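J.: Residue numbers (the working numbering): 1 to 288.
All C-beta atoms, glycine included, are put in the ideal place defined by N, C-alpha and C.
Just so we're clear, the structure is a prediction, and the values are computed from it rather than from any experiment.
Now the structure itself:
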């Protein structure tokens, strides 16, 4: 080792990305001083598929479309700093930690019954309601939201997404999904290439919203209606910053279109990811 190297100290090893963790979404540098671009902070349970979907939305629709009523936006993924998934309550805490005062916050997580998370889901909803975080729960999993881009699905699966994934792999319009969650590395649950293209084909996001809204209307509780969410939507497409405020159980439930007495754990099947897109103005006009 030379004298200069000794003075500098040992060189740090360069970190390389791994297949276990996708690259973090990075907000365009030019957008930081752009007050016209709406920024929404989003934390997700999964570390691969959900962040990849947020990236697809940013690239396909983030520039906005005045004719369709979509203002420019950027979904800021709140990376946890590790490739592992998080429990529902951790997802809510993650977005709270990353977002500043008055920022829009969303938490995406699943009902997945494989890890006995019922108590933690209720805890997550309570924290979210009290801190102004919007929740997009998918029952049984986020893959249902992907499937809704291609077809309706109304079968109750009790937290098991095996059939949902199988339907996604088999659908003729779901290009590239034939080996979804079966291939190794990034390919396994990634949304690159043909997969992302098939999801973002014009009208598909709107179809997913339409199908998800129908699931709210047909909720087994009996008093749920997606139109309630339209009237109570707190996050308007104009995207004005607002201070987080605790809502009553009734007010918070109404934002999702569900009745106050509708247990989130029994909304089988359902995916509230549609609310995030609707809040951005996607699929809210007939001519879209």
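State the Cα-Cα distance for the pair residue 228 and residue 60, rounded to the nearest angstrom.
T.: Straight-line Cα distance between these residues: approximately 28 Å.
J.: Grouping DSSP H, G and I as helix and E and B as strand, with all else coil, what is residue 103?
T.: DSSP places residue 103 in coil when its eight states are reduced to three.
J.: DSSP state of residue 162, grouped into three classes?
T.: Looking at residue 162 - three-state DSSP - the assignment turns out to be helix.
J.: Just grab the DSSP bridge partners of residue 41 for me.
T.: Answer by DSSP bridge pairing, in chain order: 76 and 105.
J.: What did DSSP end up calling residue 249 once you bin it into helix, strand or coil?
T.: Three-state result, residue 249: helix.
J.: In chain order, what residues of the same chain lie with their CB nearer than 7 Å to the CB of residue 226, ignoring the 5 residues before and after it?
T.: The residues are 213, 216, 217 and 257.
J.: Is residue 272 helix, strand or coil when you go by DSSP?
T.: In this structure, residue 272 counts as coil in the three-state DSSP scheme.
J.: If you draw a straight line from the C-alpha of residue 194 to the C-alpha of residue 176, how long is it?
T.: If I take the Cα positions, the gap works out to 5 Å.
J.: With a threshold of 8 Å, are at least 3 pairs of Cβ atoms found where one atom belongs to the segment 114-126 and the other to the segment 146-158?
T.: Touching, no, given that fewer than three Cβ pairs across the two stretches are closer than 8 Å.
J.: Go ahead and pull the three-state DSSP assignment for residue 155.
T.: Correct three-state label for residue 155: coil.
J.: Which class does residue 281 belong to by DSSP, given the choice of helix, strand or coil?
T.: Looking at residue 281 - three-state DSSP - the assignment turns out to be coil, as it is neither helix nor strand.
J.: With a 10 Å radius around its C-beta and 16 neighbouring C-beta atoms as the bar for buried, classify residue 155 as buried or exposed.
T.: When all chains shown are included, residue 155 counts as exposed.
J.: My output table needs one value for residue 191: the three-state DSSP class, helix, strand or coil.
T.: DSSP places residue 191 in coil when its eight states are reduced to three.
J.: Residue 7: buried (16+ other C-beta within 10 angstroms of its C-beta) or exposed?
T.: Confidence at residue 7 is low in this model, with a pLDDT of 46, below 50, so the placement of that residue is unreliable and no value is reported for it.
J.: Identify, in the order they occur along the chain, each residue of the same chain with its Cβ nearer than 6 Å to the Cβ of residue 196, setting aside the five sequence neighbours on each side.
T.: The answer, listed in chain order, is 56.
J.: What's the C-alpha gap between residue 172 and residue 178?
T.: C-alpha separation (whole angstroms): 9 Å.
J.: Can the beta-carbon of residue 41 be found closer than 8 Å to that of residue 114?
T.: Not closer than 8 Å, so no.
J.: Specify the secondary structure class of residue 178 as computed by DSSP and reduced to three states.
T.: In this structure, residue 178 counts as helix in the three-state DSSP scheme.
J.: State yes or no: is the C-beta of residue 211 within less than 8 Å of the C-beta of residue 152?
T.: Against a cut-off of 8 Å, the Cβ pair of residue 152 and residue 211 comes out as a contact.
J.: How do the segment 43-57 and the segment 70-86 stand: do at least 3 beta-carbon pairs fall below 8 Å, yes or no?
T.: With a cut-off of 8 Å, the segment 70-86 and the segment 43-57 count as touching, because enough Cβ pairs lie within range.
J.: Give me the residue from 174, 116 and 133 with the minimum Cα distance to residue 201.
T.: It is 174.
J.: Given a threshold of 16 other Cβ atoms within 10 Å of its Cβ, counted over all protein chains shown, does residue 82 qualify as buried or as exposed?
T.: Flag for residue 82 reads exposed.
J.: With residue 137 as the anchor, note down where its beta strand (DSSP E) starts and where it stops.
T.: Taken as a continuous stretch (DSSP letters only), the beta strand (DSSP E) holding residue 137 covers 134-139.
J.: Relative to the alpha-carbon of residue 254, which residue among 275, 160, 180 and 207 has its alpha-carbon at the smallest distance?
T.: The shortest Cα separation from residue 254 among 275, 160, 180 and 207 belongs to 275.
J.: Quick one: what's residue 65 bridged to in DSSP?
T.: Residue 65 pairs with 70.
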